[in-house]
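The next block holds one structure in the form of structure tokens; read it before the comments.
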Amino acid sequence: MKKIIFFTSMLLIVSSFAEAKTYQIKKGDTLTAIAHSNCIDTAQLRRANKISLGEKLDIGRSITIPGDGCENNRNIFSFNLNKNDTEKKNYASDSLSYASVPFKASKFLGHRYVWGAVGPNTFDCSGFTSYLYKKEGINIPRTAFAQFNSGKKIDRSDLQKGDLVFFDTSKKMTGKVNHVGLYIGNNQFIHASSAKHKVVVATLSGGFYSNRFMGARRYTA
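The sequence shown lines up with residues -20 to -1, 1 to 201 when you count with mature numbering (1 follows the signal peptide of the UniProt record, and there is no 0).
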């Protein structure tokens, strides 16, 4: 009996090591963004690396990413999609058309970033947002700049799930929009990231994207 227990324990240990991978902290990273880009819970990431609340993340530090990535962990993303989401006056219609976009976007987490790609398996940032809206019957411009210059202007404090959020990610911060993502609630957005080379979730609560936020737009059918 003891041998069986020991063997089972060893299998679990080996399995956990096999599934885990490492990630090196980069400038602008947050635990929330890292966790969501790997489809795991932030608390789970803290526990795996014994990181306390408020602890500074040193650039270059290697941390362990538990679990087996986005392929099997997409279900942890709960965007609180419910009936109330379809009753807000600013949504495109009474159907799930507008409100369901964030939920459907989560299915593409981990898909590869390719400049100029518009789906269905690879995307660039504006290709991703235009693809998602097109699937809901809403045609929007192709580029981030053009998407920013159309649609209804929305204040940051009035963001709703499904809105598009825009950024200037250039090194010199020229003030010109060159990146777009889809707001999913809780100060988070999903986007095709050229830096991460895939579709990931990032935060607007401090850090790189918060400082480079240029505005938001809402599109209706």
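Ideal Cβ placement from N, Cα and C applies to all residues, glycine included. Fair warning: this is a prediction, and the values are worked out from it, not measured in the lab.
Where the alpha helix (DSSP H) containing residue i begins and where it ends
| i | result |
| --- | --- |
| Y113 | C105 to K115 |
| Q24 | T22 to N29 |
| residue 209 | Absent from the model: residue 209. The displayed extent of the chain is -20 to 201, so no value can be given. |
| F128 | A124 to F128 |
Which listed residue (the options) has its alpha carbon closest to that of residue i
| i | options | result |
| --- | --- | --- |
| M153 | S110, S185, M194 and Y199 | M194 |
| S173 | G40, D135 and D104 | D104 |
| D135 | R197, R26, T10 and G40 | R197 |
| I5 | A23, D38, T123 and T12 | D38 |
| Q140 | E116, G165, F125 and K87 | G165 |
| N87 | G187, A13, Y199 and V180 | It should be noted that the sequence gives Lys, not Asn, for residue 87. Selected option, being the one with the closest Cα: V180. |
| Y199 | N101, N129 and T12 | N129 |
| Q168 | A97, K176, G187 and T44 | G187 |
| H177 | S106, H91, K84 and K132 | H91 |
| F83 | I170, T10 and Y93 | I170 |
| K151 | Q127, T183, N191 and Y113 | N191 |
| F108 | Y189, I118, A126 and A85 | A85 |
| K156 | Q127, L25 and R27 | Q127 |
Residue i classed as buried or exposed, judged by whether at least 16 other C-beta atoms fall within 10 angstroms
| i | result |
| --- | --- |
| S185 | exposed |
| L33 | exposed |
| T2 | exposed |
| E35 | exposed |
| G142 | buried |
| S138 | Per the sequence presented here, residue 138 reads as Asp, with Ser not at that position. Burial call: exposed. |
| A15 | buried |
| A124 | buried |
| N42 | Per the sequence presented here, residue 42 reads as Ser, with Asn not at that position. The residue in question, S42, is exposed, as its Cβ has fewer than 16 Cβ neighbours within 10 Å. |
| A175 | exposed |
| K40 | Per the sequence shown, the amino acid found at residue 40 is Gly instead of Lys. Exposed, by the Cβ-count rule. |
| A13 | buried |
| P100 | exposed |
| A23 | exposed |
| N70 | With a pLDDT of only 36 at N70, under 50, the local geometry of the prediction cannot be trusted, and no value is derived from it. |
Residue interval of the beta strand (DSSP E) (run including residue i)
| i | result |
| --- | --- |
| K84 | First-last for K84: V81 to A85, but that is the alpha helix (DSSP H), not the beta strand (DSSP E). |
| A196 | F193 to R198 |
| A172 | Q168 to S173 |
| Q4 | K1 to Q4 |
| G161 | H159 to G165 |
| V94 | Note, V94: premise wrong, no beta strand (DSSP E); not H, not E. |
| L144 | L144 to F147 |
| T10 | It is not in any beta strand (DSSP E) - T10 carries neither H nor E in the DSSP assignment. |
| I39 | Careful: I39 lies outside any beta strand (DSSP E) and carries neither H nor E. |
| K132 | K132 to I134 |
Residue-chain proximity (residue i, chain D), Cβ-Cβ < 8 Å
| i | result |
| --- | --- |
| H177 | Among the chains of the structure shown, chain D does not appear; only one protein chain is present. |
*asked:* Check whether the region 161 to 176 and the region 133 to 147 are in contact - that is, three or more C-beta pairs closer than 8 Å.
replied: Counting C-beta pairs with one atom in each stretch, the region 161 to 176 and the region 133 to 147 have three or more that are closer than 8 Å, which means they touch.
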